[in-house]
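Structure record follows, encoded as structure tokens.
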Amino acid sequence: MRFKYVLNEVLVGLWRNVTMTIAMIITMSVSLTMLGASVLMYMQVDQMKNYYYGEIEVSIFLREDVTDAQRATIEQAITSSPLVAEKVYETREQAFEKFKVLWRDSPDFVKSVTPDSLPESWRVKLKDPEQYEAFHAQIEGTPGIQDIVDQRELLDKVFKIFNAIQVGALVVAGFMALAALLLVGNTIQVAAYSKRREVAVMKLVGASNWFIQAPFVLEAVVAGLIGAILGFVFIFVGKVVLLDGRLQALTNVLTPIPDGNVWLMLPLLAGVGAGVSAITAWITLRFYLKV
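Quick note on numbering: the UniProt record's numbering labels position 226 of the sequence shown as 226, and the sequence is numbered without any gaps.
In structure tokens, the structure reads:
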């Protein structure tokens, strides 16, 4: 009987303040969408770091006037280094073939370049990319070397951009969450005020605070759960329509987002939406019932 009463009061409360309920659900869904997207981006950036940092190479470009003796010395220095996992020598002709593939959409530019314009190089993969400084110190100054380039430096710039986007999304989600909390508290206050006489009578007859608060708290929880479901739908549709559809070409740069990570957002958003709504409603009612 009590459960039926509480459920009925929840449904009546949601319908009585339907406009504020809709506003609360929309705000909650937007904030949770931003939160879920931020979490997914955080997970994806970590996954991309593990993938790309494992594939990065150190490029050792040789001088144009490098001699055979210098070339042999450089090869010996690379081979003898305990930090090296793999090494590949790239001739000018091989570098030119790669250049033609990279710039195939600019044939005029390709025609202006010859194999002699490109340096020969060694492409070295380290056992631990974090040991680049130590490896650089080992071969730096070896005669015949023109330049040493660590791809990690380029990747760090890219990941700094991703991290900035991630922080921005979290900040926006935080502001939206604050707006959602204020809406939840305001909605609960309005609902409690509209039923102030019933609440007063229930307190006079000895009803517990939990029994009085339950319908209002569950009302906020239901709104939070609906917002969480909508937020998950937005994320899932965005992943299917954009990342797996129109922006699928980005998978050549961005590692694909696993479906498991996307589905993980459903319980996460549901828990955050319901928990935050319940806590906000309970705190609001604690102040109200003391009056």
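Ideal Cβ positions, reconstructed from N, Cα and C, are used throughout, including at glycine.
Inter-residue spacing [alpha-carbon to alpha-carbon] between residue i and residue j
i	j	result
A177	V190	20 Å
L126	I145	18 Å
F159	E153	10 Å
L264	N163	21 Å
residue 295	Q138	Because the chain spans 1 through 291 in this model, residue 295 falls outside it and cannot be assessed.
D65	I161	39 Å
P258	G141	45 Å
T73	T33	57 Å
E75	S112	31 Å
A116	I56	The displayed chain sequence assigns Asp, not Ala, to residue 116. Rounded to whole angstroms, D116 to I56 spans 26 Å at the Cα level.
F287	S31	26 Å
T67	Q47	42 Å
T79	V233	53 Å
D108	V241	37 Å
V172	L266	20 Å
S81	K49	25 Å
Q151	V110	24 Å
Other residues of its chain near residue i: CB distance less than 8 Å, five sequence neighbours each side excluded
i	result
Y42	Q166
V221	A274, S277, A278, A281
T27	M176, A179, A180, L183, G227
V262	L40, I235, F236, K239
K157	none
D128	L83
Own chain, CB closer than 6 Å to residue i, minus 5 neighbours either side, in chain order
i	result
T91	E120
residue 294	This structure cannot settle anything about residue 294, because the visible part of the chain is limited to 1 through 291.
V88	R123
V217	A278, A281, W282
A77	I139, T142
M1	Bear in mind that a pLDDT of 43 at M1, under 50, signals an unreliable position, so the model cannot answer this.
Supposed close pair residue i, residue j - CB separation, criterion 8 Å
i	j	result
I226	I25	5 Å
G231	S29	5 Å
L83	V272	Rounded, the Cβ-Cβ distance is 44 Å, inconsistent with contact.
A223	T19	About 12 Å separates the two Cβ atoms, so there is no contact after all.
Under 9 Å between C-beta atoms of residue i and residue j
i	j	result
I235	A270	no
V39	L268	yes
V58	I188	no
V124	E93	no
L118	F96	yes
T284	G174	no
Contacts around residue i, its chain only, beta-carbon distance under 7 Å, and the 5 residues preceding and following it disregarded
i	result
A37	A169, I235
A23	L183
Any chain D beta carbon closer than 9 Å to residue i
i	result
R104	Going by chain labels, chain D is absent from the structure shown, which holds only one protein chain.
| Quick check: the region 129–136 against the region 98–106, are there 3 or more CB pairs under 8 Å? | No, because fewer than three Cβ pairs between the region 129–136 and the region 98–106 fall closer than 8 Å, the two stretches do not touch.
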